[in-house]
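Peer 1: For the sequence shown, the residue numbers in this note's numbering are 1 to 218. Ideal Cβ positions, reconstructed from N, Cα and C, are used throughout, including at glycine.
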Amino acid sequence: MRNFHIVLGILIAAVWGINFIAVSYALRDVSPILLCAIRFFLISIPAVFFCKPPQANRWLVLTYGVVMFALQFALMFIGLYLGMPAGMGSVLLQTQAFFTLFFALLFFKEKLSKQQLAGIGLAFLGIVLVAMNMGGEMTWEGFLFVMAAAFCWGLGSVLVKKMGRVNQVSLVVWASTISWPLLLSASLYLEGWEMLLGVYERAGWLTYLSILYTTLGS
1 MRNFHIVLGI
11 LIAAVWGINF
21 IAVSYALRDV
31 SPILLCAIRF
41 FLISIPAVFF
51 CKPPQANRWL
61 VLTYGVVMFA
71 LQFALMFIGL
81 YLGMPAGMGS
91 VLLQTQAFFT
101 LFFALLFFKE
111 KLSKQQLAGI
121 GLAFLGIVLV
131 AMNMGGEMTW
141 EGFLFVMAAA
151 FCWGLGSVLV
161 KKMGRVNQVS
171 LVVWASTISW
181 PLLLSASLYL
191 EGWEMLLGVY
201 ERAGWLTYLS
211 ILYTTLGS
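(1) Whole angstroms are fine: how far does the CA of LYS52 sit from the CA of VAL128?
(2) For the structure I just gave you, are there three or more beta carbon pairs, one from the stretch 110–129 and one from the stretch 92–99, closer than 8 angstroms?
(3) By the three-class DSSP mapping on this structure, what secondary structure does LYS52 have?
(4) In chain order, which continuous runs of the alpha helix (DSSP H) of length 4 or greater are located wholly inside the stretch 32–94?
(5) With a threshold of 16 other CB atoms inside 10 Å of the CB of PHE40, please say whether the residue is buried or exposed.
(6) Please identify the residue among ILE10, ALA123, PRO181, GLY204 whose C-alpha is closest to the C-alpha of LEU34.
(7) Taking TYR208 as part of the alpha helix (DSSP H), name the residues at either end of that continuous run.
(8) Closer than 8 angstroms is the cut-off here; do at least three beta carbon pairs connect the stretch 54–65 with the stretch 171–179?
(9) Between which two residues does the alpha helix (DSSP H) carrying ARG202 extend?
(10) Return helix, strand or coil for GLU191, following the three-state DSSP convention.
(11) Would you mind working out which of VAL158, TYR213, ILE78, LEU209 sits nearest ALA149, comparing C-alpha positions?
(12) CA-CA distance, VAL7 and THR214?
(13) Just verifying my parser: in three-state terms, what is the DSSP assignment at LEU112?
(14) Helix, strand or coil for MET138, going by three-state DSSP, please let me know.
(15) Closest to TRP50 by CA distance: which of ALA203, VAL169, GLN116 is it?
(16) Is it a yes or a no for the stretch 79–91 touching the stretch 145–161, going by three-plus beta-carbon pairs under 8 angstroms?
(17) So what does DSSP say about ASN19, is it helix, strand or coil?
(18) Taking Cβ positions, are ALA13 and ILE211 nearer each other than 8 angstroms?
(19) Look at the Cβ atom of VAL66, then the Cβ atom of SER187, and state whether they are nearer than 8 angstroms.
(20) If you run the structure through DSSP and keep just helix, strand and coil, what is LEU225?
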């Protein structure tokens with residue numbers, strides 16, 4: 001492995017980790033579901049007008065948009081809002097690998113290697129250790145919502161594999177387009193127009209910067 005690849009891997013991990021800090025800050029002024037809606041609106045508009053739909057089964061793309069984008073991110077944001085620390089949230093979400101292997105075994109009948117079985121056992125042990133040390137800033141509610149988000153991520157990964165070769169940029173743009181109307185509708189139904197209209201009054205420039213980062217940086 002070249003030094004460039006190592007540096008690139010560290011950079012990607014840093015960008016992803018900072019994303020959780022940005023989301024946690026934005027959640028001070030914006031509700032979790034509304035924040036998700038804003039995020040995916042900014043990703044899809046105006047990009048969707050210049051990006052062709054992904055060449056894949058439409059129902060798979062639709063399901064992917066709902067599961068991987070609307071549900072996964074909403075659950076993750078709610079988990080952070082309910083007390084999951086940003087650092088621990090970024091670590092727990094990586095248990096998606098555990099769920100990805102489970103769904104691959106369930107839907108594709110894939111045979112697991114010894115290394116994969118060891119990885120599953122290690123991931124499960126990590127979840128148990130985190131659950132046993134629950135307390136302080138971390139809450140059970142936040143823990144469960146982040147784990148549900150990891151579950152959705154694992155399912156979403158299997159849906160992508162089911163699609164076959166597909167343009168990832170196109171998939172992200174169109175999945176975002178599918179998800180934000182659902183999230184905005186859920187926010188308006190659960191929280192009312194006051195939450196949406198009050199963002200301008202509550203949010204400061206750091207909140208807007210955090211939203212921009214979580215939209216473009218990750």
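Peer 2: From the atom records:
(1) Counting from one through the sequence shown, the residue named residue 128 turns up at place 128. Counting from one through the sequence shown, the residue named residue 52 turns up at place 52. Approximately 44 angstroms, taken between the alpha carbons.
(2) Here the stretch 110–129 lies against the stretch 92–99, with 3 or more beta-carbon pairs under 8 angstroms apart.
(3) Numbered from 1 along the sequence shown, position 52 holds the residue referred to as residue 52. Assignment of LYS52 by DSSP, reduced to helix, strand and coil, places it in the coil class.
(4) Runs of the alpha helix (DSSP H) lying entirely within the stretch 32–94 and spanning at least 4 residues, in chain order: 32–44, 58–64, 72–81, 86–92.
(5) By one-based count along the sequence shown, residue 40 stands at place 40. By the C-beta density criterion, PHE40 is buried, having at least 16 other C-beta atoms within 10 angstroms.
(6) Start at 1 with the first residue of the sequence shown, and residue 34 comes out as number 34. Relative to LEU34, the option among ILE10, ALA123, PRO181, GLY204 whose CA is nearest is PRO181.
(7) Here residue 208 is taken as the residue at index 208 of the sequence shown, counted from 1. Bounds of the alpha helix (DSSP H) holding TYR208 are 205–212.
(8) The stretch 54–65, when compared against the stretch 171–179, does touch it at the 8 angstroms Cβ threshold.
(9) Taking the sequence shown and counting its residues from 1, one reaches residue 202 at position 202. It spans 199–202 - the alpha helix (DSSP H) in which ARG202 sits, taken as one unbroken run.
(10) Start at 1 with the first residue of the sequence shown, and residue 191 comes out as number 191. GLU191: helix per DSSP, three-state reduction.
(11) Translated into the one-based positions of the sequence shown, residue 149 becomes position 149. Of all alpha-carbon atoms in VAL158, TYR213, ILE78, LEU209, the one lying nearest the alpha-carbon of ALA149 is that of ILE78.
(12) The residue given as residue 7 occupies position 7 in the sequence shown. The residue given as residue 214 occupies position 214 in the sequence shown. Approximately 21 angstroms between the Cα atoms of the pair.
(13) The residue labelled residue 112 in the question sits at position 112 within the sequence shown. When DSSP states are grouped into helix, strand and coil, LEU112 belongs to the coil group.
(14) Within the sequence shown, numbered from 1, the residue matching residue 138 stands at position 138. Reduced to three states, the DSSP call for MET138 is coil.
(15) For the purposes of this step, residue 50 is taken as residue 50 along the sequence shown, with counting starting at 1. Note that residue 50 is Phe in the sequence shown, not Trp. Across the set ALA203, VAL169, GLN116, the C-alpha of VAL169 shows the shortest separation from the C-alpha of PHE50.
(16) Contact between the stretch 79–91 and the stretch 145–161 is present, with at least three C-beta pairs closer than 8 angstroms.
(17) For this step, residue 19 is matched to residue 19 along the sequence shown. Three-state result, ASN19: helix.
(18) Within the sequence shown, residue 13 is the residue found at index 13, counting from 1. Within the sequence shown, residue 211 is the residue found at index 211, counting from 1. Contact: no.
(19) If you number the sequence shown from 1, residue 66 lands on position 66. If you number the sequence shown from 1, residue 187 lands on position 187. Taking 8 angstroms as the cut-off, the Cβ atoms of VAL66 and SER187 do not count as close.
(20) Since the first and last residues shown for the chain are 1 and 218, residue 225 lies out of range.
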